[in-house]
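Enquirer: I'd like to ask some things about the structure below.
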Amino acid sequence: MPHRPKHWPKASYDPRYDPIVDAGPGHNRDHAPTYWIGTAGTPPEDDGPVTGDIDADVVVVGSGYTGLSTAIHLAKEHGIKAHVLEANTAAWGCSTRNGGQAQISSGRLKRSEWIKRWGVDVAKGMHAEVCEAFELFNDLINSDDIDCDPQTGGHFYIAHREKVMAKLEKECGVLNDVFGYGSRMVSRDELHQNYVRDQEAHGAMWEPDGTAIHAAKLAFGYIRLARKLGAKIHTASPVMGWKTVDGVHHLTTPGGTVRARAVALATAGYTPPGLNEKTKHRLMPILSNSIVTRPLTEEEKAECGFKVKSPLTDTRTLRHYYRFLPDDRVQIGSRSAITGLDAENPKHLDLLQKGLYRKFPALEGIELDYSWWGWVDVSHDMMPRIFQPDPKKTIFYAMGYGGNGVMYSAQAGKRMAQMVAGQGKDLKLPIFTSQLPSHGILTPFRRLGQRMAYPYYYLRDEIL
Numbered sequence: 005m006p007h008r009p010k011h012w013p014k015a016s017y018d019p020r021y022d023p024i025v026d027a028g029p030g031h032n033r034d035h036a037p038t039y040w041i042g043t044a045g046t047p048p049e050d051d052g053p054v055t056g057d058i059d060a061d062v063v064v065v066g067s068g069y070t071g072l073s074t075a076i077h078l079a080k081e082h083g084i085k086a087h088v089l090e091a092n093t094a095a096w097g098c099s100t101r102n103g104g105q106a107q108i109s110s111g112r113l114k115r116s117e118w119i120k121r122w123g124v125d126v127a128k129g130m131h132a133e134v135c136e137a138f139e140l141f142n143d144l145i146n147s148d149d150i151d152c153d154p155q156t157g158g159h160f161y162i163a164h165r166e167k168v169m170a171k172l173e174k175e176c177g178v179l180n181d182v183f184g185y186g187s188r189m190v191s192r193d194e195l196h197q198n199y200v201r202d203q204e205a206h207g208a209m210w211e212p213d214g215t216a217i218h219a220a221k222l223a224f225g226y227i228r229l230a231r232k233l234g235a236k237i238h239t240a241s242p243v244m245g246w247k248t249v250d251g252v253h254h255l256t257t258p259g260g261t262v263r264a265r266a267v268a269l270a271t272a273g274y275t276p277p278g279l280n281e282k283t284k285h286r287l288m289p290i291l292s293n294s295i296v297t298r299p300l301t302e303e304e305k306a307e308c309g310f311k312v313k314s315p316l317t318d319t320r321t322l323r324h325y326y327r328f329l330p331d332d333r334v335q336i337g338s339r340s341a342i343t344g345l346d347a348e349n350p351k352h353l354d355l356l357q358k359g360l361y362r363k364f365p366a367l368e369g370i371e372l373d374y375s376w377w378g379w380v381d382v383s384h385d386m387m388p389r390i391f392q393p394d395p396k397k398t399i400f401y402a403m404g405y406g407g408n409g410v411m412y413s414a415q416a417g418k419r420m421a422q423m424v425a426g427q428g429k430d431l432k433l434p435i436f437t438s439q440l441p442s443h444g445i446l447t448p449f450r451r452l453g454q455r456m457a458y459p460y461y462y463l464r465d466e467i468l
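For the sequence shown, the residue numbers in the numbering used here are 5 to 468.
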């Protein structure tokens, strides 16, 4: 047998990585240069790369929030100690590139759209599911094992134009009247006086459940907890080959083959097209930019009127998500390039900065301390799936959050653990019983459609 090094050389971060074009996410690449990585402190220990053949009960592919939650709940609730395979550095993808916003949602669709798609009864079941998910998330982030700087205060869904207020009022009514939820409308004056002086805002819908967290500290807490419970996290171990023999999955990594009776896929927006046929082209990876300013002066803080540190999002289709950080900086994110090759184009950064200045004119020209981008896992019908695509094969996946995975990924991991352990028969909601949809013959033209959609979204959101 040829010698296999125990420590693979660290590869640099690749800003042009593109999950639709590239064969895989790389091998032992470093984290993106995000604010979260820059301020989280020393990363926790992991179990290093695979360095020989391993027999495992369950393999989880992907060490982000979903994969780690799956490993945590397999151990905690089912006595199964999983091996987590990560191509690069632990929590390398979405989990250290997001905006750190936990909201009472699990996909891109609003409650009224749930009713339209599935009817009231199923929509109520979905609402109960995400409420349970938020309770689970709160239990995790308030435990002694995780310290992720939670900032509570609810979620403010901010109308960026006056014409949107009527739609927000209608949605608020659906939330309260159909689901018994305690949302309420906030006027522009109240928003400015008591919460934030966003100059674009014409008002907002406030949801009681909304928590901002430190994205990397949450991921690092999950890593520590998963390993404490007995899971193994193997970094620098991309899956380079996969075959199933007599019901046993053989996953080939650079350091050895891992054999497992079940495989749980938690690769989200970084899912390689060749990983498995059941996930191939089932997601539309969308690039999102994020920036963090230098700390604000007292005068700037007064001008911007930040009195909350909980999540803020606006009502654009390609929405801005933003917040006031505990160290007096402002973070804001939104749409970015269509391809990884174009990700470094300064026009995308300029577009995001202009969005910041419209909301907070006092910050025009402010220095930026951090700028990064990452891929969002958008499903073709805007809702996630936690699913076993073939009942004859012990392969499962959880992905497709559409930018709303910070909170729901914890529950998704718990649900996938249930399925892996053979206890998912009572999970009857559509996100558990149907596969991620495909665009079929239109798959090669998805980005052409994206190029056409972005200008239309701009016209609809800003001009029409």
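Cβ coordinates follow ideal geometry from the N, Cα and C atoms, glycine included.
1) Could you name the residues that DSSP lists as bridge partners for S338?
2) So, is E368 buried or exposed, given that buried needs 16 or more other C-beta atoms within 10 angstroms?
3) Which same chain residues end up closer than 8 angstroms to T248 when comparing Cβ atoms and leaving out the 5 residues on each side of it in sequence?
4) Do D354 and P441 have their beta-carbon atoms positioned less than 7 angstroms apart in this structure?
5) Note the first and the last residue of the continuous alpha helix (DSSP H) segment covering W40.
6) Here's a check: name, in chain order, each residue in its chain whose Cβ is nearer than 6 angstroms to the Cβ of K85, leaving out the five neighbours to either side.
7) Do A75 and A230 have their C-beta atoms within less than 7 angstroms of each other?
8) Could you tell me which residues DSSP puts in a beta bridge with G404?
9) Are S314 and Q439 closer than 7 angstroms when you measure CB to CB?
10) Looking only at its chain, what residues have a beta carbon closer than 6 angstroms to the beta carbon of D148, apart from the 5 residues adjacent to it on each side?
11) Return the Cβ separation of G409 and Y185 in integer angstroms, given the expectation that the two are a contact with Cβ distance under 8 angstroms.
12) Quick one: give me the first and last residue of the alpha helix (DSSP H) that T70 is part of.
13) Assign D430 to one of two classes, buried (16 or more other C-beta atoms within 10 Å of its C-beta) or exposed (fewer than that).
14) Thinking just about the alpha-carbon of each residue, which of I390, L452, L356 and A341 is nearest to the one in G111?
15) Taking the runs of the beta strand (DSSP E) that are 3 residues or longer, which of them lie wholly in the region 163–212?
16) Please look up how many angstroms separate the CB atoms of T93 and H35, rounded, as I've assumed it's under 8 angstroms.
17) Start and end of the alpha helix (DSSP H) containing Y462?
18) Quick check: what's the CA-CA separation for G428 versus F436?
19) Are three or more beta carbon pairs between the region 399–414 and the region 275–293 nearer than 8 angstroms?
Expert: A quick look at the data gives this:
1) Looking at the DSSP assignment, S338 forms a beta bridge with N293.
2) E368 comes out exposed.
3) Excluding the 5 residues flanking it on each side, T248 has same chain C-beta neighbours closer than 8 angstroms at H254 and K397, in chain order.
4) The Cβ atoms of P441 and D354 do not sit closer than 7 angstroms to each other.
5) Its alpha helix (DSSP H) spans residues Y39 to T43.
6) If the five residues before and after K85 are omitted, its C-beta is found closer than 6 angstroms to the C-beta atoms of A79, G234 and A235, all from its own chain and listed in chain order.
7) In this structure, A230 lies closer than 7 angstroms to A75 by Cβ.
8) Among the bridge pairs identified by DSSP, G404 is matched with none.
9) The answer is no: Cβ separation not under 7 angstroms.
10) Closer than 6 angstroms at the Cβ level, and outside the excluded window around D148, lies no residue.
11) That belief does not hold up - the Cβ atoms of G409 and Y185 are roughly 21 angstroms apart, past 8 angstroms.
12) Counting along the chain, T70 sits inside the alpha helix (DSSP H) bounded by residues Y69 to H82.
13) The residue is exposed, with fewer than 16 neighbouring Cβ atoms inside 10 Å.
14) In terms of CA proximity to G111, I390 leads the group I390, L452, L356 and A341.
15) Runs found: 188–191 and 207–211.
16) Going by Cβ atoms, the distance from T93 to H35 rounds to 5 angstroms, so yes, they are a contact pair.
17) That run of the alpha helix (DSSP H) goes R450 to Y462.
18) G428 and F436 have their C-alpha atoms spaced approximately 9 angstroms apart.
19) By the Cβ criterion, the region 399–414 is in contact with the region 275–293, since at least three pairs of Cβ atoms, one from each stretch, lie closer than 8 angstroms.
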